[in-house]
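Novice:
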Amino acid sequence: MEHQLKLKKPLAFFDLETTGVSVQKDRIVEVCIAKANVDGTVTVKTRRVNPGMPIPLEASLVHGIYDADVANEPTFKQVAKSLAQFLEGCDLAGFNSNRFDVPMLVEEFLRNDVDFDIKNRRLIDAQRIYHIMEPRNLTAAYKFYCGKVLKGAHGAEADTLATLEVLNAQVKHYEGVKLLNDKQEEYEPVQNDMDVLNEITASKMVDLAQRMVYNKEGVEVINFGKHLGKPVVQVLKQEPSYYDWIMKGDFSLDTKRKITEIKLRAFSK
């Protein structure tokens, strides 16, 4: 494999598969580095590591790596120094890497007493470029789906009517288009059916602020903070003061109403 990037130093593209999305609590289970060299060549290294903790099923369903797959692999501590050496003198690149992969990698290095300094490294995030060059706003959607320039953007009437046109065009544009779900089964996500559209755009919300959402099993779970991913009922039972904290805190009335409903339902049984 070769590349056409103009480089003054190697650019290491990398991606991490992990036990979850918490930089502090979760661990790496696989790392792939594609080092784009100055001479146009690319060197690829992929390594699985034993995270030293169980891999949650939800994470395994995403990346396909289970506990048994890494049981006999080295720990990150065992490969940290060689990994840092491979990345020595490299700038870093990835997709959403500045928000997740770079912080996660640096945290793992620090956790294992390897000084991995990023001060003199360029950090290139392809997702950020994508978002800048292909904006995801109503003006862009109107242009893409309707082929027209939105006049009077950010005026309530112009935005409302444009949104109506966009949804109408989306239903036509994606008619018959099928995707694969996590189980590799085909499904048609966009249909001219409001129940179907609600399912893909709003069904996970418990409260409108999305402080609580439904997980894959349909259970209400906390969607922020230290209890991220934990069932609401479990948190309320294990930490009764959590309810008071929500009720006295800077949360929406809708959030407070919904958590009250959950509490009453759970504790009235």
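Just so you know, we're using my numbering here: the sequence shown kicks off at 1229 and counts up by one.
In this text, a Cβ means the ideal position worked out from N, Cα and C, and glycines have one as well.
Opposite residue 1271 in the DSSP bridges: which residues?
Specialist: Paired residues: 1263.
Novice: In chain order, which beta strand (DSSP E) runs of at least 3 residues are fully inside the stretch 1385-1457?
Specialist: List check, beta strand (DSSP E) in window: 1440-1442 and 1448-1450.
Novice: Would you list the one or two residues that DSSP bridges to residue 1241?
Specialist: Answer is 1262 and 1321.
Novice: With DSSP run on the structure shown, which of helix, strand or coil describes residue 1303?
Specialist: Residue 1303 falls in the strand class under three-state DSSP.
Novice: Would you call the stretch 1268-1278 and the stretch 1351-1360 in contact, with 3 or more CB pairs under 8 angstroms?
Specialist: With the cut-off at 8 angstroms, the stretch 1268-1278 and the stretch 1351-1360 do not touch.
Novice: Quick one: give me the first and last residue of the alpha helix (DSSP H) that residue 1357 is part of.
Specialist: Run containing residue 1357: 1354-1361, per the alpha helix (DSSP H) assignment.
Novice: Can you tell me the Cα-Cα spacing of residue 1367 and residue 1393, whole angstroms?
Specialist: If you take the alpha carbons of residue 1367 and residue 1393, they lie about 12 angstroms apart.
Novice: Kindly identify the DSSP beta-bridge partner or partners of residue 1276.
Specialist: Its beta-bridge partners are 1258.
Novice: Where does the unbroken alpha helix (DSSP H) through residue 1382 begin, and where does it stop?
Specialist: Where residue 1382 is concerned, there is no enclosing alpha helix (DSSP H), given that its DSSP letter is neither H nor E.
Novice: What is the residue span of the alpha helix (DSSP H) that residue 1249 lies within?
Specialist: Neither: residue 1249 is in no alpha helix (DSSP H) and is coded neither H nor E.
Novice: Between the Cα of residue 1240 and those of 1291, 1268 and 1247, spot the shortest distance and give me the residue it belongs to.
Specialist: Cα-wise, what sits closest to residue 1240 is 1268.
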